[in-house]
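Position 49 (the sequence shown) corresponds to 49 in the UniProt record's numbering; numbering is contiguous. Every residue, glycine too, gets a C-beta built ideally from N, C-alpha and C. Keep in mind that this is a model prediction, so the values were computed, not measured. Structure, as structure tokens:
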Amino acid sequence: MKLKIVIKEDAEDGGFNVSCPALPGCHSQGETVEEAVQNIKDAIQGCIAALNDRAKTMEGKVVEVAV
1 MKLKIVIKED AEDGGFNVSC PALPGCHSQG ETVEEAVQNI KDAIQGCIAA LNDRAKTMEG
61 KVVEVAV
């Protein structure tokens, strides 16, 4: 799965802030672009895992689809 991310340089504190618009609330940061990208990958995995856990507690039939 490929997702777009947004990387912004933090002029005030240094480093880089990164977010994934497809997953609201999924943000991270890093001292370098490379570190920020690795950190957002970890954050995305965590966000998706949390969404999957939440789906397990919902009423109704849960079906997996490939995108």
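When secondary structure is reduced to three states using DSSP, Glu34 falls in the helix class. Ala55 counts as exposed, since fewer than 16 other beta carbons sit within 10 angstroms of its beta carbon. For Asp10, the closest C-alpha among the options Ala36, Gly46, Val67 is that of Ala36. The Cβ atoms of Gly15 and Gln38 lie no closer than 8 Å to each other. Taking 8 Å as the cut-off, the beta carbon of Cys20 is found no closer than this to the beta carbon of Ile7.
Residue pairing by DSSP places Val65 in no beta bridge whatsoever.
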